[in-house]
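Encoded structure:
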């Protein structure tokens, strides 16, 4: 090997190429299941384009420029890994607008962070130490000024790599599945392309998105007099949103002990939907509040509270306010968390109760405990009812929050030793407490004389155990509890229970439903017509077939129908079908017992249409007045 080759291999260009190549594979091993060569083929061109630019433009501190590029790429790869471990999709620049929330959820971040992931920063630490203490490194970093011919070569390399990047990006822009698109483009190319194109999405004309058009896409036939019409008319309407609560907990026992005895009893008193699914996006809990109250789908990126918070949103609070209801919402954290200070006025709540009202009494995680939430909220509801006021209220539970490190003095669940110290065990302990606190709510409501005259809607906001971040031990424990491998069906299902004592007969309805269906179902029960309203859900008491578009936790293009969960590949044809009856994953040609296909390309297209229609509709709504709901203290 001659001296020029050895010099080239010792150059910052070569050294940093190797360092970043290691990181390609670290990120790809977590997120993708592709070929051995794919990370190099898709990622090297963007790296070499950046390095060629450094060689072309930088005379001094060239190695510092390489280290800065290394740092930028490393931060992107690390963010991709961490976001995927929770959401199951590729992070984009939109998520950095949520960086202010990290301090609040740092416990969740640490729970998701395997020590292996931190190795991605190891080279940067070593480089910083060498630069500070080693003269030999500083001499290596001081490269001679390149010749004119060398600069010309760098310019040619930059142009060639840029062309290769374009050839990797442009043909793959039509792939809807973000994971598949990022794998084909390369992570950095994908991130840059999203930044350049995300504002170009063509919106449908407002005149196109009508109630009739949505019904047509969902294949719904309007009924003149729906069943259960106004069955709970004139009652208080109370929503209980349960934090990170999954349906698998109901009727679940650990060595003969019930995890959720309160909800097990309550579902025998109301209408229970065991095949009900989350439809949240990046905003998680706040997205559930938005979706349940509007029957609109979440935005393509970012939390709904942030993306749509300035809009005059049609909503259930506004419809009920027009019928004489006082509309209120209770959340024990600061109202600014997840931009609820924008969301609540947009939804039209008359007033909100947040940390200022609850005063951090019996603090758990982010605010007062669920026990305090229910006790003080019910007291306030009684005060309003005593004034002759009908009330619509949202109560947002929060004590069972990821990473489920419930304070010891709240733990009343005596778990077997094999569950202690595990993520699954912590989840069970936290939700057992949340269930117990919910029992306090029902007791307080009955003592206040409100229970018998209310319509109570209890639902989960989003999953608690991401399938993407579970350890082998967690998976083994879940298989023991469920008798099957934990998968998308278990992760995405959250409970929906509707109780109206004396008005609704207890029953279990197997209809597939999602959070967009809550508003239409409740509107029918209280006698509020939605004929002129654009809603993307449906009344679950009257429609028994459904199509649920899913955007987060599964790639865009995923949907749930009456038979299966569908996840696309690069297109519909190479997607995967996960039967709801527990059958093995299959291709798009899979059929049910009657010989009909479990999923169709028409459903895939219609699910994408629903997302586009919803975003087009909300994006073109007028801005809301700046004044909003009053804060109560």
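In the numbering used here, the protein residues as written are 72 to 704.
Every residue, glycine too, gets a C-beta built ideally from N, C-alpha and C.
Nearest to residue i by alpha carbon, out of the options?
i, options, result
"residue 153", "116, 99, 413", "99"
"residue 227", "119, 302, 501, 509", "119"
"residue 240", "448, 252, 429, 396", "252"
"residue 307", "608, 520, 557", "520"
"residue 529", "248, 315, 487", "315"
"residue 122", "654, 143, 160", "143"
"residue 286", "617, 693, 652", "617"
"residue 453", "328, 515, 86, 196", "515"
"residue 573", "299, 258, 140", "299"
"residue 575", "527, 609, 539, 112", "527"
"residue 555", "474, 539, 652, 284", "652"
"residue 682", "223, 265, 272, 235", "272"
"residue 614", "632, 656, 604", "632"
Using beta-carbon positions only, say whether residue i and residue j come within less than 8 Å of one another.
i, j, result
"residue 466", "residue 444", "yes"
"residue 506", "residue 333", "yes"
"residue 347", "residue 584", "yes"
"residue 533", "residue 356", "yes"
"residue 525", "residue 309", "yes"
"residue 597", "residue 373", "no"
"residue 695", "residue 382", "yes"
"residue 484", "residue 472", "no"
"residue 636", "residue 560", "yes"
"residue 606", "residue 590", "yes"
"residue 47", "residue 302", "Absent from the model: residue 47. The displayed extent of the chain is 72 to 704, so no value can be given."
"residue 388", "residue 398", "yes"
"residue 191", "residue 138", "no"
"residue 438", "residue 476", "no"
"residue 630", "residue 581", "no"
"residue 493", "residue 548", "yes"
"residue 352", "residue 376", "no"
"residue 602", "residue 297", "no"
"residue 260", "residue 470", "no"
"residue 249", "residue 627", "yes"
"residue 586", "residue 363", "yes"
"residue 708", "residue 151", "With the chain covering 72 to 704 only, the question about residue 708 has no answer from this structure."
DSSP three-state label for residue i, please.
i, result
"residue 493", "coil"
"residue 248", "coil"
"residue 630", "strand"
"residue 177", "Confidence is the limiting factor: at residue 177 the pLDDT is only 47, short of 50, which leaves the residue's position unreliable, though a coordinate-based value still follows. Here residue 177 sits in helix by DSSP."
"residue 110", "helix"
"residue 350", "coil"
"residue 622", "coil"
"residue 391", "helix"
"residue 84", "helix"
"residue 614", "coil"
"residue 585", "strand"
"residue 140", "helix"
"residue 162", "coil"
"residue 525", "strand"
"residue 664", "coil"
"residue 650", "strand"
"residue 342", "strand"
"residue 519", "coil"
"residue 502", "helix"
"residue 95", "helix"
"residue 329", "strand"
"residue 710", "Summary: the structure shown does not reach residue 710, with the chain confined to residues 72 through 704, and so no result is reported for it."
Here's the rule I'm using: 16 or more other beta-carbon atoms within 10 Å means buried, otherwise exposed. How should residue i be labelled?
i, result
"residue 83", "buried"
"residue 339", "exposed"
"residue 244", "exposed"
"residue 177", "Residue placement at residue 177 cannot be trusted, given a pLDDT of 47 that sits under 50; what the coordinates show is reported in the next sentence. So residue 177 ends up on the exposed side."
"residue 254", "buried"
"residue 634", "buried"
"residue 553", "exposed"
"residue 577", "exposed"
"residue 108", "exposed"
"residue 639", "buried"
"residue 658", "exposed"
"residue 230", "exposed"
"residue 543", "exposed"
Could you check if residue i belongs to the surroundings of the ligand ZN, using beta carbon to heavy atom distance under 7 Å?
i, result
"residue 543", "Within the structure as shown, the ligand ZN is missing, as the structure has no ligands at all."
What residue ranges within the segment 412-478 form continuous beta strand (DSSP E) runs of no fewer than 3 residues, ordered along the chain?
422-424, 461-467
Runs of 4 residues minimum, wholly inside the segment 228-316: which ones carry the alpha helix (DSSP H) assignment?
249-256, 258-268, 282-289
Could you pull out every unbroken alpha helix (DSSP H) segment of at least 4 residues lying fully inside the segment 527-604, listed in chain order?
543-553, 559-563, 589-597
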